[in-house]
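In this note's numbering, the protein residues as written are 1307 to 1515.
Read through the structure below, which is laid out as structure tokens, and then see the notes.
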Amino acid sequence: MKTRVIGLTITAKVQRQSEKGDYERRLHKRLNGIAMPDAIKRLPLSEDGYPIPWFAQWFLDGKPGAVGVGKPDFRFPDRQKRYQSNDTQCWICGERLGEEKAFVAGSSIVRTRMVHEPPSHRERAIFAAKASPFICNPKMRRNRTNLPAEDLIINEDVSHPDTYCVWVTRRFTASRCSGGRKLWRLGDPDVVLWFSGGKEAKPNEGRGT
1307 MKTRVIGLTI TAKVQRQSEK GDYERRLHKR LNGIAMPDAI KRLPLSEDGY PIPWFAQWFL
1367 DGKPGAVGVG KPDFRFPDRQ KRYQSNDTQC WICGERLGEE KAFVAGSSIV RTRMVHEPPS
1427 HRERAIFAAK ASPFICNPKM RRNRTNLPAE DLIINEDVSH PDTYCVWVTR RFTASRCSGG
1487 RKLWRLGDPD VVLWFSGGKE AKPNEGRGT
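If you want it as structure tokens, here you go:
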């Protein structure tokens, strides 16, 4: 019996290593060298090798569906999650947040102190600032082909600046705006981390800072 238990333990360990290796092989090559939090590793991968964020809307036959059914579209936040968003659940990984909240936003946040994206964990937000194809490429624009017939809100930063930041704070308020979406008004930051092209940057790098 003891030998059998040891054998099962070894088999389970080999299986975990195999699954880890398969996950790493499926990752998009852009993510090589980017520190990936364990919570991000627990997210499923899209067909092109990117972790599927918790907020992403899934579609089946062109209509919004349940999580894991059909295909995810990163352009659209899940409607229920968008309207029910609060300050207790990470927008990127879906796990519970602590007192500290991190907001990913364009450089205009310094002036407006307002964002539409709900908060995330600091390390998950940093990963997004380094790994998101849209954030990392200021010349990229949202792909508006094959849009669903449903009236859904598309993720869009109209200015799409060269420089983005992760604004970490414990002080903020939330209010409803048109369409039922939430608007987050941020207080003074504990720290502001800047990124340009997926790399750490200084506040004066890029435009609009």
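Beta carbons: idealized from backbone N, C-alpha and C, even for Gly.
What you are looking at is a predicted structure, and each value in this text was computed from that prediction instead of being measured.
{"Query": "Assuming Ile1432 contacts Leu1499 (C-beta within less than 8 Å), just tell me the rounded distance between them.", "Result": "7 Å"}
{"Query": "Kindly confirm or deny that the stretch 1490-1506 and the stretch 1433-1440 touch, where touching means at least three C-beta pairs closer than 8 Å.", "Result": "yes"}
{"Query": "Beta strand (DSSP E) containing Ala1408: first to last residue?", "Result": "1407-1412"}
{"Query": "Counting only runs that start and end within the stretch 1386-1440, where is the alpha helix (DSSP H) found for 4 or more residues in a row?", "Result": "1415-1418, 1428-1437"}
{"Query": "First and last residue of the beta strand (DSSP E) that includes Cys1345?", "Result": "Checking the displayed sequence, the identity of residue 1345 turns out to be Ala instead of Cys. Element bounds for Ala1345: not the beta strand (DSSP E) but the alpha helix (DSSP H), 1344-1347."}
{"Query": "So Tyr1470 is in the beta strand (DSSP E); what residue range does that whole segment cover?", "Result": "1469-1475"}
{"Query": "What are the boundary residues of the beta strand (DSSP E) that includes Arg1336?", "Result": "First-last for Arg1336: undefined, no H or E at that position."}
{"Query": "Does DSSP put Gly1371 in a helix, in a strand, or in coil?", "Result": "strand"}
{"Query": "Decide if Glu1406 is buried, meaning its Cβ has at least 16 other Cβ atoms within 10 Å, or exposed.", "Result": "exposed"}
{"Query": "DSSP puts Glu1506 in a beta bridge; with which residues?", "Result": "Phe1501"}
{"Query": "Kindly confirm or deny that the stretch 1362-1375 and the stretch 1411-1427 touch, where touching means at least three C-beta pairs closer than 8 Å.", "Result": "no"}
{"Query": "I'd like to know whether the C-beta atoms of Ser1413 and Pro1467 end up nearer to each other than 7 Å.", "Result": "yes"}
{"Query": "For Arg1487, which three-state DSSP category applies?", "Result": "coil"}
{"Query": "Out of Arg1331, Cys1483, Phe1361, Leu1489, which has the shortest C-alpha to C-alpha gap to Pro1383?", "Result": "Phe1361"}
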